[in-house]
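Here the structure comes first, spelled out in structure tokens, and everything after it is commentary.
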Amino acid sequence: QDELGNSALHLAMLGLHLECARFLLDIGADVNSLNDEGNTPLILCSICISEEAAACAKLLIEMKADPEIQNLPSNGGGGGCRALHYACGEGNMPVVKYLIEEAKVELRAVSNDMLTPLLCAMINNRSDVVSFLLKTDAGLLDIPDSNGDYPLHFAVLENLVDMVLTLLQEGADPLKVNTRGETPLSVAMD
């Protein structure tokens, strides 16, 4: 292990070394091992944006990686994020599609900080991922964050103009009230 607790398999995934990962798995590497931050090899390959990342994710899932493992709190974050959270936040569309369409991961998974994969994509201005997620499950628009705000409220509060437009195009209700009885428009006026 390195100083961050990464195993050889973690490092192979960070470098997207598919054949090296296959070899390590064939000789018994733990597909669900955790580094010091509680990240699995699948979580690490989810942050690497390329077609090779999807091939690596597929290999790990075929070797029984659990895509629902949540990472540990670290670096000020509350933890509880899964591979899909990271893939969405990084805009890693090949891995996002693989995890949703083939691995059938939970789209509505919530981290310890009440972040959904949708919010991770929004925070990082990943319009293509946001659109894909909402086409897959429009009900994601109905999941409030830890402050009781729905995705459109969140986008307005955070001044994510592109996300506001994307959410409206994908069917977000501009008149929906948050848990405090505010619409996105009234939030914008404050």
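Mapping the sequence shown onto the UniProt record's numbering, position 104 (from 1) lands on 104, and the numbers just tick up by one. Where is the CB? At the ideal position from N, CA and C, for every residue including glycine. Because the structure is a prediction, the values reported are computed rather than measured.
Taking all protein chains in view, the Cβ of Pro174 is surrounded by fewer than 16 other Cβ atoms within 10 Å, so the residue is classified as exposed. Between Ser131 and Met93, the alpha-carbon positions lie close to 11 Å from each other. Using a Cβ-Cβ distance cut-off of 8 Å, the region 109 to 125 and the region 74 to 88 are in contact, since at least three pairs of beta carbons, one from each stretch, lie closer than that value. DSSP places Ser46 inside the alpha helix (DSSP H), whose first and last residues are 41 to 46. The Cβ-Cβ distance between Gly171 and Leu141 falls below 8 Å. In this structure, the CA atom of Asp113 is about 12 Å from the CA atom of Pro144. Of all alpha-carbon atoms in Asn125, Leu72, Thr136, Ile27, the one lying nearest the alpha-carbon of Tyr98 is that of Thr136.
When DSSP states are grouped into helix, strand and coil, Ser33 belongs to the coil group.
Here Leu185 is exposed, its C-beta having fewer than 16 other C-beta atoms within 10 Å. Going by beta carbons, Leu72 and Glu37 fall inside the 8 Å limit. One Cα belongs to Thr166, the other to Ile27, and the distance between them is close to 46 Å. Here Arg82 is buried, its C-beta having at least 16 other C-beta atoms within 10 Å. The alpha carbon of Ala65 has as its nearest neighbour, out of Cys45, Asn32, Cys48, the alpha carbon of Asn32. Secondary structure note for Leu84: its alpha helix (DSSP H) is the uninterrupted segment 83 to 90.
Between the beta-carbon of Val129 and that of Gly91 there is about 6 Å, and that keeps the pair under the 8 Å contact cut. In the three-state DSSP reduction, Ser50 falls in the coil class, being neither helix nor strand.
Beyond the five residues adjoining it in sequence on each side, Ile49 comes within less than 7 Å, by CB distance, of Glu90, Gly91, Asn92 in the same chain, given in chain order. For Ser74, the three-state secondary structure derived from DSSP is strand.
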